[in-house]
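Below is one structure; the comments refer to it alone.
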Ligand code: ADP
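In this note's numbering, the protein residues as written are 68 to 367.
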């Protein structure tokens, strides 16, 4: 089984002609409310592909929390691990201008109250998980507790988003660390190097057991610390309309296939196809494919 530990947010989206200046009010379009948050996104992406998936997260005892629980259940996610209360559900307040640019304020709310104690209390979920996938929209000490709660033989997939410095013992538990270009540059700082191959090797040197660098339309690079090889995995060519959630779809697919026993390159070859499918449709969770909607492998 796959266990996703992470954030669940309600994305509140309003279209505006222009952003208000300080002290000003502007009128916008009707409100659209979408389920989001990287943890919620990954859980839905995996379940929609057919993965047995549980979500460990925290939402508020409010209408947004109920909406998020409902969307998880509708996708087939096991939600017994979703804790309720302690703060309002996390929200992202998003304005979109006519050029499509976003301005976003995130209120982490209940996500910031997912504690190490909550992780310790969820031992049964960890016991049942072959793969645990985590991101950084929850407190870092909670992520560190996840790294320490892994049962023997299970695998930790970590996407450092939003990027933040990670303690060595957390990095050392990642198998793989999954980063996009922006996260790779953040983690490497000045020592980034100029090619994705160089990033992958430099990231491996930080201590994870393996690394996956996602490269948008170019697919991904897989670097395994055991062999030291860096293997390119091309993505199918598709007409991209909205890349929101592509990384979450990729990581969820990767984590699921690793849990089925595939090696990292095989799992990434499936994950790029799922990421490619996700960019052909608008939205985040709305864009995630079922297994039969995943395009064929890229021709190499
Ligand atoms: P993020 O969404 O985190 O920025 P990427 O942009 O690297 O991550 O996208 C993740 C994956 O989604 C890629 O590895 C690729 O498989 C797929 N993908 C993203 N953009 C495109 C695109 N324009 N065409 C085809 N596949 C894409």
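Every residue, glycine too, gets a C-beta built ideally from N, C-alpha and C.
Residue i beta carbon near the ligand FAD (any heavy atom closer than 7 Å)
| i | result |
| --- | --- |
| residue 146 | The model on display carries the ligand ADP but not the ligand FAD. |
C-beta atoms of residue i and residue j nearer than 8 Å
| i | j | result |
| --- | --- | --- |
| residue 229 | residue 208 | no |
| residue 346 | residue 280 | no |
| residue 127 | residue 155 | yes |
| residue 227 | residue 250 | yes |
| residue 163 | residue 100 | no |
| residue 114 | residue 143 | yes |
| residue 223 | residue 254 | no |
| residue 70 | residue 136 | no |
| residue 204 | residue 106 | yes |
| residue 261 | residue 285 | no |
| residue 349 | residue 297 | no |
| residue 278 | residue 225 | no |
| residue 248 | residue 282 | yes |
| residue 355 | residue 314 | no |
| residue 269 | residue 240 | no |
| residue 195 | residue 68 | yes |
| residue 334 | residue 362 | no |
| residue 376 | residue 357 | Absent from the structure is residue 376, since the part of the chain shown begins at 68 and ends at 367. |
| residue 157 | residue 170 | no |
| residue 289 | residue 331 | yes |
Neighbour flag for residue i against chain B, beta carbons, 8 Å
| i | result |
| --- | --- |
| residue 321 | Absent from the structure is chain B; it holds one protein chain and no more. |
Beta-bridge partners of residue i, as assigned by DSSP
| i | result |
| --- | --- |
| residue 78 | 101 and 159 |
| residue 70 | 121 and 199 |
| residue 145 | 121 |
| residue 246 | 280 |
| residue 95 | 83 |
Span separating the alpha-carbon of residue i from that of residue j
| i | j | result |
| --- | --- | --- |
| residue 292 | residue 118 | 27 Å |
| residue 77 | residue 200 | 20 Å |
| residue 320 | residue 339 | 9 Å |
| residue 147 | residue 98 | 30 Å |
| residue 188 | residue 271 | 32 Å |
| residue 138 | residue 120 | 14 Å |
| residue 150 | residue 125 | 5 Å |
| residue 130 | residue 317 | 29 Å |
| residue 177 | residue 102 | 15 Å |
| residue 237 | residue 217 | 11 Å |
| residue 198 | residue 86 | 42 Å |
| residue 252 | residue 266 | 8 Å |
| residue 159 | residue 168 | 15 Å |
| residue 336 | residue 364 | 7 Å |
| residue 193 | residue 325 | 16 Å |
| residue 323 | residue 258 | 32 Å |
| residue 351 | residue 360 | 16 Å |
| residue 94 | residue 140 | 34 Å |
| residue 172 | residue 327 | 38 Å |
| residue 74 | residue 295 | 33 Å |
| residue 185 | residue 134 | 22 Å |
| residue 210 | residue 220 | 19 Å |
| residue 88 | residue 104 | 27 Å |
| residue 206 | residue 153 | 15 Å |
| residue 91 | residue 341 | 42 Å |
| residue 231 | residue 72 | 17 Å |
| residue 96 | residue 242 | 43 Å |
| residue 109 | residue 84 | 32 Å |
| residue 191 | residue 246 | 29 Å |
| residue 299 | residue 161 | 35 Å |
| residue 82 | residue 235 | 42 Å |
| residue 264 | residue 202 | 23 Å |
| residue 181 | residue 145 | 18 Å |
Ordered list of alpha helix (DSSP H) runs contained in the stretch 274-328, each at least 4 residues: 313-326, all fully within the stretch 274-328.
Ordered list of alpha helix (DSSP H) runs contained in the stretch 148-232, each at least 4 residues: Unbroken alpha helix (DSSP H) runs of no fewer than 4 residues, entirely contained in the stretch 148-232, are found at 183-187, 190-195 and 207-215, following chain order.
Pocket of the ligand ADP (residues with CB nearer than 6 Å to any heavy atom), chain order: Residues with a Cβ closer than 6 Å to any heavy atom of the ligand ADP, in chain order: 247, 281, 282, 283, 284, 286, 287, 302, 305, 307, 310, 313, 314, 317, 339, 342, 343 and 346.
Continuous beta strand (DSSP E) assignments of at least 3 residues falling wholly in the stretch 111-136: List check, beta strand (DSSP E) in window: 120-126.
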